[in-house]
Each structure stands twice: as C-alpha cells, then as structure tokens.
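Taking it in order: structure first as structure tokens, then the write-up.
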Amino acid sequence: MCKTSTELILCDDFNVNYLNDNSRKHLLDSLLASFSVFSTVKFPTRIFNNSCTLIDNIYINTYRHDFSAHPVINGLSNHDAQIITLSNIFISIPRHTFSCNKKIDSNSIGKFTFLLSYENWEDVFLEKDVNIICNNFLNTYFRNKNSNNCSQFNKD
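Residue numbers (our numbering): 9 to 164.
In structure tokens form, the structure reads like this:
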C-alpha cells in the first residue's frame with residue numbers, strides 16, 4: 009500500500025457502520041487516510057426489518073478516476089452487493105492472449121462425478137452455520153470442477 013504508483017481497491021466488511029458518526033468510523037478513516045485510501049459507498053448495504061447499516065464498503069486510493077458506487081440486490085447474502093465503476097481507465101491490450109476451453113462431454117462429466125464421490129463432505133454435513141455450509145460446498149464443488157486440465161489451449 010505504500011507504493012504511490014499502485015492503485016488499490018479494497019473491498020471488505022470492517023464492521024464499522026458508516027451510517028453513524030462514531031469514533032470507530034473516525035479511527036478507520038484516519039488509518040486509511042494515512043495510506044490515501046477513502047470509502048466510496050454512501051448507501052445502506054444491509055437492510056433488515058426497521059434497521060439498516062453500511063458496514064460493507066469499497067475503498068480506493070486514487071483520485072485520478074471518476075467513480076460511482078451503487079448497490080446490487082442479489083438475494084445471495086445477508087447484505088446487498090456493491091459495484092464500483094471507475095471511469096477514465098486505460099488498460100493496455102496484450103499482444104497475445106491465451107484461452108482455455110473445457111470440453112463438456114460424458115467423459116468429463118464422469119470424471120467430475122468420480123472426483124466428487126471421493127470427497128469427504130463432513131465440513132458440509134457437520135456444520136451448523138448455513139453460510140459456512142454453502143461456502144464449504146462451493147469450495148469443494150469448484151475445486152473439483154476446475155481440477156480438470158484444459159482440453160484445448162489456444163494462443164492467439
């Protein structure tokens with residue numbers, strides 16, 4: 009974070025409610041400001057019954073770009089997602105691109121099913137917290153899904 013040429017985007021839940029003016033908010037803002045980082049989200053990210061909080065935030069350390077932040081209600085979590093759009097970004101296009109194509113056929117499905125059958129699912133079935141259960145399942149699922157090597161590797 010100390011390199012001045014590095015642009016930083018930090019997305020996290022620091023459990024500091026930015027809707028309330030409090031000492032924790034001022035301390036976090038002071039700490040982040042020492043690295044020229046500031047918050048971008050100005051809307052509630054968790055709304056439940058008669059309360060709302062803003063504890064999920066996106067922090068950036070660049071003033072060179074115009075930005076806008078907005079919520080996305082996706083129903084997948086106990087909070088809304090946050091999207092930040094940065095304007096005036098120029099990314100150099102690489103001369104060569106690589107792509108990986110996965111072939112989905114009966115053999116690859118069979119291999120995937122075989123890999124899943126040898127998984128120890130205790131971290132899914134013995135856990136009580138539904139969020140942890142979901143994360144453990146998805147980690148196992150995607151680890152096995154992505155373990156198949158690319159069937160075709162192209163260089164443009």
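Just so you know, even glycine gets a beta-carbon here, dropped at the ideal spot from N, CA and C.
Strictly by DSSP, which residues pair up with Ala89?
Along the sequence shown, one-based indexing puts residue 89 at 81. Answer by DSSP bridge pairing, in chain order: Val80.
Status (buried if at least 16 other CB within 10 Å, exposed otherwise) for Val80
Numbered from 1 along the sequence shown, position 72 holds the residue referred to as residue 80. That one is exposed.
With Ile17 and Ile68 assumed to form a contact (beta carbons below 8 Å), what rounded beta-carbon distance in angstroms separates them?
One-based indexing of the sequence shown puts residue 17 at position 9. One-based indexing of the sequence shown puts residue 68 at position 60. That belief holds up - the Cβ atoms of Ile17 and Ile68 are roughly 5 Å apart, short of 8 Å.
Put Leu146 into one of helix, strand or coil per three-state DSSP.
Position 138 of the sequence shown, counted from the start, is the residue given in the question as residue 146. Leu146 falls in the helix class under three-state DSSP.
Beta strand (DSSP E) containing Arg32: first to last residue?
Within the sequence shown, residue 32 is the residue found at index 24, counting from 1. No beta strand (DSSP E) holds Arg32; the alpha helix (DSSP H) holding it covers Ser31 to Ala41.
Would you check if the distance between the CB atom of Gln90 and the CB atom of Asp74 is smaller than 9 Å?
If you number the sequence shown from 1, residue 90 lands on position 82. If you number the sequence shown from 1, residue 74 lands on position 66. For Gln90 and Asp74, no; Cβs fall outside 9 Å.
Give the straight-line distance between the Cα atoms of Cys19 and Ile66, rounded to the nearest whole angstrom.
For this step, residue 19 is matched to residue 11 along the sequence shown. For this step, residue 66 is matched to residue 58 along the sequence shown. So the alpha carbons of these two residues sit roughly 5 Å apart.
Excluding sequence positions up to five away, which residues of its chain have a Cβ less than 7 Å from the Cβ of Leu40?
For the purposes of this step, residue 40 is taken as residue 32 along the sequence shown, with counting starting at 1. If we look at Leu40 and ignore the five residues flanking it on each side, its Cβ neighbours are Phe46 and Tyr67.
Where Thr121 and Ile101 are concerned, what is the direct C-alpha to C-alpha distance, given to the nearest angstrom?
The residue given as residue 121 occupies position 113 in the sequence shown. The residue given as residue 101 occupies position 93 in the sequence shown. One C-alpha to the other measures close to 38 Å.
Short check: CB of Glu135 to CB of Asn144, under 9 Å?
Numbered from its first residue, the sequence shown carries residue 135 at position 127. Numbered from its first residue, the sequence shown carries residue 144 at position 136. Closer than 9 Å, so yes.
Please go through the same chain and pick out, in chain order, the residues whose beta-carbon is closer than 8 Å to the beta-carbon of Leu36, but skip the five residues on each side of it.
The sequence position of residue 36 within the sequence shown is 28, counting from 1. Only Phe22 and Val24 meet the Cβ criterion.
Give the secondary structure of Ile112 by DSSP, where H, G and I count as helix, E and B as strand, and everything else as coil.
On the sequence shown, position 104 is the one that residue 112 refers to. In this structure, Ile112 counts as coil in the three-state DSSP scheme.
For Ser125, which three-state DSSP category applies?
Taking the sequence shown and counting its residues from 1, the one referred to as residue 125 is at position 117. DSSP places Ser125 in helix when its eight states are reduced to three.
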